[in-house]
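Participant:
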Amino acid sequence: MMLTSRSGKPIPVFTSIILAINIIVFIAQWFLEEDQSNIITMIHWGANFSPYTLGSEWWRIFTSAFLHFGILHLVMNMMALYSLGRAVEAQTGSLIFCIVYFISALFAGVASLFWNLYVVSAGASGAIFGLYGFEIAIMVLIHWRNRQKLRAIIVQFVIYVVIITLLGNAFHFDNAAHFGGLIAGIILALFYAYSMYRRKINYFWITGVILTLLGSAYFILLPREKKEYFDVFQQFVKTERQSNNIMNGEYASDAVFVKDLKEYYPHWDTLLWKIDSLQNLPSSLMGDYEQIKNYSHNKASEMDFMIKMIEKESYVYFDSLDIVRSKMSLDLEYPLAMESVVDEAPAKSNITAPRSSGSMTRQYYDSNWHETMAMNASYYRLGYQDSLGKWNGPVRDYFLDGGIQMKGSYKNDLKKGVFLYYTKDSTYSAAGRYDNEERIGKWEEFHKNGKMAEEIRYSDRAYLINAWDEKQNPQVIDGFGNIITHYENEKIASFKHFSNGLQDSISYGFYENGKPYFKEYFESGRLMKGIAYDEKGQLYNYDFSTYIPYPEGGTEKFQKYLEKSLSQYQQLKGKGVVELIFDIDTHGKIYNVRIYKSDDADLHVTAINILKNGPRWVPAKEHGINPLISQGYQAIHF
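In our numbering, each number is its position in the sequence shown, counted from 1, plus 5.
#1: Buried or exposed: where does K569 fall if 16 or more other Cβ atoms within 10 Å of its Cβ makes it buried?
#2: DSSP three-state call for H502: helix, strand or coil?
#3: Can you name the residues that DSSP bridges to F102?
#4: With a cut-off of 8 Å on the beta carbons, I'd call D535 and G506 a contact; round off their distance for me.
#5: For the beta strand (DSSP E) holding Q390, just list the boundary residues, first then last.
#6: Could you tell me whether the Cβ atoms of F162 and Y137 are closer together than 8 Å?
#7: Is there contact here, the region 444-458 with the region 473-493, by at least three beta-carbon pairs under 8 Å?
#8: For G220, I'd like the list of residues in its chain whose CB is within less than 6 Å of its CB, leaving aside the five on either flank, ordered along the chain.
#9: Closer than 6 Å by C-beta to N121: which residues in its own chain qualify, once you throw out the five before and the five after it? Chain order, please.
#10: Which residue from L118, S364, I28 and V582 puts its Cα closest to that of F54?
#11: For K279 and D590, I'd like the C-alpha separation in whole angstroms.
#12: Judging by CA-CA distance, which residue of D430, L469, V598 and K429 is the nearest neighbour of G446?
#13: Ends of the alpha helix (DSSP H) at N27?
#14: Suppose only complete runs of 4+ residues qualify. What are the alpha helix (DSSP H) ranges in the region 108-166, listed by chain order?
#15: Please return the same chain residues whose Cβ sits closer than 8 Å to the Cβ of D348, not counting the five positions on each side in sequence.
#16: If you compare alpha carbons, which of L585, D605, A606 and L608 is closest to V598?
#17: When the Cα atoms are used, what is the spatial distance from N546 to I595?
#18: Please state the DSSP three-state secondary structure of P479.
#19: In three-state DSSP terms, what is F587?
#20: Mind checking who V423 pairs with in its DSSP beta bridge?
#21: Measuring CB to CB, does I168 end up less than 8 Å from E140?
#22: Could you tell me the distance, in whole angstroms, from the CA atom of K284 to the CA atom of Q296?
#23: Looking at A189: is its Cβ nearer than 8 Å to the Cβ of S288?
#24: Buried or exposed for T357, going by 16 or more other Cβ atoms inside 10 Å?
#25: Mark W35 as exposed unless 16 or more other C-beta atoms lie within 10 angstroms of its C-beta, in which case mark it buried.
#26: Measure how close the beta-carbons of P17 and A127 come, nearest whole angstrom, since I'm counting them as under 8 Å.
#27: Just to confirm before moving on: does the CB-CB distance between L290 and Y234 stay below 8 Å?
#28: Considering Cα atoms alone, identify which of A382, M365, S364 and A132 is closest to E372.
#29: Let me see if you follow: with CB-CB separation under 8 Å, is S319 close to chain C or not?
#30: Nearest to G637 by alpha carbon, out of P556, R462, K317 and R531?
#31: In the DSSP assignment, the beta strand (DSSP E) including S414 goes from what residue to what residue?
#32: Going residue by residue through the region 51-76, where are the continuous alpha helix (DSSP H) segments of at least 4 residues, counting only ones entirely within it?
#33: Helix, strand or coil for A260, going by three-state DSSP, please let me know.
#34: Taking the beta carbon of H647 as the centre, do at least 16 other beta carbons fall within 10 Å, making it buried, or is it exposed?
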């Protein structure tokens, strides 16, 4: 059946309708979408995409035939459809033309689903290939004597194929769909020609019905593994993003944070179960499958370590976190994150990794942590220093042989955040947190063999919670007990008694030869009196002040020095106070001076110079005898 004009000329109604629909859809996309040819946009509008089409959206097989990736794609297909469609519709009638067109579109869509993995397919070219296959086969079978027309249609088809081949990559052309449409068109042409030969068009209708049923049945029977993997991948992306929202969220307390971590942690177990349940995946997906499986295991481990770290307040889990995070990288061949899993952006967090500023610097230190040349070094540091020479961001200290000695972070030259310390044997020596150079929260100290030695909590002062010997026998439990140390010859080295987490009563120690070393009297953690003997037997008396460094000559003399020095800077008078912290070596030399607090940055250099040009300091002394590398504090009032 074919509509004709008054002059008897055939009117290609359905060709015109299909052309109009394609153009109208393209114009609508052009006005409604910012990026008309974006893959996500095309999926929104009904492109053929196996995870969706193989699900409940079978109609995408047909809607995809009315979508195009850009104006050039549309123009090329519409020119071919206008030229070819009119000829086929005029030759066979509108109804047969529609059957050929839509059955070719069906086979093109099913072929694309069968052959491709995750290709977003769109365009009328699959149906147009079917029309070409139908027309060429009809010309060969029925009108073979009209060689000029046969040659023309073949040349037209070849040109169309060449253009598609040249532009295919730019417009995501789907050769599987082209082949499927072409085969359907040829099969329909064979039975159409046979129907014409037998003069019974029923053969063509039967063929059309059979092909429709076959195409539909094959669509139903297509394996769904690609869809199942896609669905699991969407859950993977959603679980990852929601986990990151929790990890980067703002929380009133660690308890609330841990509660959210624990509540969400089972989602990773569920996801891993679904990943393990995937069967018979295409070989090309196995690489991605293994990556997301390993990533999910590591992400679950990350959350588990976070929970343990907070609940146990044990920062040694930071190393475990570093290890699993170093493994959490993805290089997927098929990154399938779709718009359906987009969540709100994670809130800004106050639990963030330390930010670095400045340039990466390598600094060498001697055994007393004085800056030095590489030839004299015992340690070196890698970290970021700003233009003023202040450490800012992550810092790593190493033994000269490359073994790690410390992991931590600085802010404005002050320790801030989690710090992990190591021995030369790569075992832990201490782990805890600093806030502006002050220890806070729970710290863990370790024996040389890497076993836990002490758990100490810092608040207004340091409280010993628990302690163990090198064999992990408990010595102090919940703040009560005795710490007894021994030399390798099993002789007692020291004895300390603790009550309520504070050193109390009598403590004493011996030299390795058994001679007395010290005897100290404590009250609630405060050293009241101590006596000690050096190895020559000389007696020393001391109290808690032995652990407080001070300027040589005493505080009064140092104040006079400050007054004299400040008198040279009358222009700075009244500008404020600069509080300095600094290290003092065992010989009393000041080094590593840092700004602790300040009212005016313009005062920094002057304050540091005044301190450095002053007298040496007397370092803290262990048991009143042995000088220690100490930290000093001094406020300078301008």
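Idealized CB from N, CA, C, for every residue including glycine.
Facilitator: Well, looking at it:
#1: Counting Cβ neighbours within 10 Å, K569 comes out exposed, since fewer than 16 surround it.
#2: Shown here, H502 sits in a strand according to DSSP, grouped into three states.
#3: Its beta-bridge partners do not exist; DSSP assigns none.
#4: Sequence check: residue 535 is Gly here, not Asp. With 8 Å as the limit, G535 and G506 do not qualify as a contact, their Cβ atoms being about 21 Å apart.
#5: For Q390, the enclosing beta strand (DSSP E) stretches over residues Y384 to Q390.
#6: Closer than 8 Å, so yes.
#7: Yes, they touch.
#8: Within the same chain, Cβ atoms closer than 6 Å to the Cβ of G220 are found at L111, F112 and V115, the five residues on either side in sequence being excluded.
#9: Close CB contacts of N121 within its chain, under the 6 Å cut and outside five residues either way in sequence, are with A181 (chain order).
#10: Among L118, S364, I28 and V582, the Cα nearest to that of F54 is on L118.
#11: Going by the C-alpha atoms only, they are around 60 Å apart.
#12: When the alpha-carbon of G446 is set against those of D430, L469, V598 and K429, the nearest one is in L469.
#13: Start and end: V18 to L37.
#14: Qualifying alpha helix (DSSP H) stretches, in chain order: 130-146.
#15: Because the pLDDT of D348 is 41, which lies under 50, any placement of that residue in the model is unreliable, and the question is left without a value.
#16: For the residues L585, D605, A606 and L608, the minimum Cα distance to V598 belongs to L585.
#17: Their backbone Cα atoms lie some 26 Å apart in a straight line.
#18: P479 carries a strand assignment under DSSP once its states are collapsed to helix, strand and coil.
#19: Here F587 sits in strand by DSSP.
#20: Answer is R438.
#21: Contact: no.
#22: It should be pointed out that residue 284 corresponds to Gln in this sequence rather than to Lys. Each residue's Cα considered, the two are about 16 Å apart.
#23: Contact: no.
#24: A caution first: T357 carries a pLDDT of 46, below 50, which makes its placement in the model unreliable, though a value can still be read off. T357 comes out exposed.
#25: Result: exposed.
#26: About 24 Å separates the two Cβ atoms, so there is no contact after all.
#27: Their beta carbons are under 8 Å apart, which means L290 touches Y234 by this criterion.
#28: The displayed chain sequence assigns Ser, not Glu, to residue 372. For the residues A382, M365, S364 and A132, the minimum Cα distance to S372 belongs to A382.
#29: Among the protein chains of the structure shown there is no chain C, as only one such chain exists.
#30: Selected option, being the one with the closest Cα: P556.
#31: According to the DSSP assignment, S414 belongs to the beta strand (DSSP E) that extends over I409 to K416.
#32: Listed in chain order, the complete alpha helix (DSSP H) runs (minimum 4 residues) inside the region 51-76 are 55-58 and 65-68.
#33: DSSP places A260 in helix when its eight states are reduced to three.
#34: This structure gives no information on residue 647, because the portion of the chain shown stretches from 6 to 643.
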